[in-house]
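Just below is one structure, and these are the notes that go with it.
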């Protein structure tokens with residue numbers, strides 16, 4: 254528990270959160286957000302479903318329905334594979350995989366896999382019609 258407190262205060266300034274904007278009807282992104290919110294690091298994130306809440310003006314709704322967006326505590330905007338890396342970077346067990354995915358050869362594999370999964374996400378994970 255002390256490690257978690259130290260980790261949170263080291264990475265994220267107090268009162269700041271990483272904001273995630275996603276398509277809540279997409280099975281893939283809904284699962285990612287459920288996993289994030291069900292983790293011990295849920296207090297680091299604020300998740301916004303594009304169908305339920307208003308988005309900031311610099312992030313168009315049409316783009317969020319296509320890719321997940323993340324805004325870090327410094328205000329930098331990430332989308333697609335980079336947004337997933339920002340989210341994964343907050344979890345100590347996932348962080349080594351995120352670092353490896355940034356290496357030149359592994360980056361190509363990561364991007365190819367990411368684009369394959371996201372382009373086929375409707376039949377792989379299903380669409381939630383709520």
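Residue numbers (my numbering): 254 to 383. Glycine residues also receive a C-beta, built at the ideal position from the N, C-alpha and C atoms.
Reference residue i; option with closest CA among the options
i	options	result
residue 285	322, 312, 309	322
residue 335	368, 308, 307, 309	368
residue 308	339, 337, 291, 275	275
residue 298	311, 375, 319, 344	344
Cβ-Cβ separation, residue j to residue i (assumed contact under 8 angstroms), whole Å
i	j	result
residue 351	residue 342	5 angstroms
residue 289	residue 300	7 angstroms
residue 272	residue 324	5 angstroms
residue 277	residue 303	7 angstroms
DSSP bridge partner residues for residue i (one or two, in chain order)
i	result
residue 330	324
residue 299	272
Where residue i sits in the DSSP three-state scheme
i	result
residue 270	coil
residue 318	helix
residue 368	helix
Residue ranges of each alpha helix (DSSP H) within the region 333-365, 4 or longer: Residue ranges of uninterrupted alpha helix (DSSP H) with 4 or more members, entirely inside the region 333-365 and ordered along the chain, are 334-341, 348-354.
Segments of 3+ residues assigned as beta strand (DSSP E) that fall wholly inside the region 273-297: As far as the region 273-297 is concerned, it has no whole beta strand (DSSP E) run of at least 3 residues.
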